[in-house]
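As structure tokens, the structure follows; a few thoughts come after it.
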Amino acid sequence: MNQKEIHTYPDPVLKARAEVVTEIDAEIQALIDAMTEIMYSAPGIGLAANQVGVLKRVIVFDRTPKDRERDPVALINPEIVLSEDEIKWEEACLSVPDFTAEVVRNGRVKVRGIDREGNPLDIEAEDLLGVCLQHEIDHLDGILFIDRISTLKRALYKKKLKKKLKGK
Ligand code: NI
């Protein structure tokens, strides 16, 4: 896999719901490793399996998104078990190139999943990392951040995209 394999809107794989992972085998671990590499080379701070065309509930992200030091984490079958507060954040997505928009999310979340080795892993996050986790888990449910903005702003993006495609 390489960076070119990031699927972009309106690819239907981004609208599909990813399946629960029932076995953590070499194939899932290889997927995680490839996704991690793609995330850093993009560069991005998080990536969901849908974005590389695989419908499995797997996300990768960097636990220290603001630092230079890399701390990649993979979560299999991630679930938001606690969410509180509200935050507005300017979001972007590797699958929605050249567009950002403010999205309202929870300010603080606790996410529960399974790590690359098959151990349970809870992550508590706020601000950028919390937003990132909510954004990536949305991907697994076939939801993009542009689905969470106003119809007017979304229409603006679609218009921009049409122009861009025409220009090619
Ligand atoms: Ni995204």
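The opening residue of the sequence shown carries number 4 in the numbering used here; numbering runs sequentially from there.
Glycine included, every Cβ here is placed at the ideal spot set by N, Cα and C.
By DSSP, does R108 sit in helix, in strand, or in coil? R108: strand per DSSP, three-state reduction.
Selected residue, minimal CA-CA separation from C135, among E94, R119, I35 and V61: That would be E94, whose Cα lies nearest to the Cα of C135.
Report the start-end ranges of each alpha helix (DSSP H) in the stretch 29-82 that is 4 residues or longer and not cut off at the edges. With a minimum length of 4 residues, the continuous alpha helix (DSSP H) runs that stay inside the stretch 29-82 are 29-44.
In the DSSP assignment, find the alpha helix (DSSP H) that holds L158 and state where it starts and stops. Here residue 158 is Ala; the residue named in the question, Leu, does not match the sequence. From DSSP, the alpha helix (DSSP H) with A158 extends over T154 to G170.
Beta-carbon spacing of L124, G133 below 9 Å: Result no, Cβ atoms of L124 and G133 do not sit closer than 9 Å.
Kindly indicate which three-state DSSP category R115 falls into: helix, strand or coil? DSSP places R115 in strand when its eight states are reduced to three.
Buried versus exposed, by CB contacts within 10 Å (16 or more), L85: By the neighbour-count rule (16 or more Cβ atoms within 10 Å), L85 is not buried but exposed.
Classification of G56 by the beta-carbon crowding that lies within 10 angstroms, buried from 16 upward: With fewer than 16 other Cβ atoms within 10 Å, it is exposed.
Tell me which same chain residues have a C-beta within less than 6 Å of the C-beta of K91, skipping the five on either side of it? Once the five neighbours on either side are set aside, the close Cβ partners of K91 are E105 and V107.
Where does the unbroken alpha helix (DSSP H) through S143 begin, and where does it stop? Checking the sequence, you will find Leu at residue 143 rather than Ser. From DSSP, the alpha helix (DSSP H) with L143 extends over D130 to L143.
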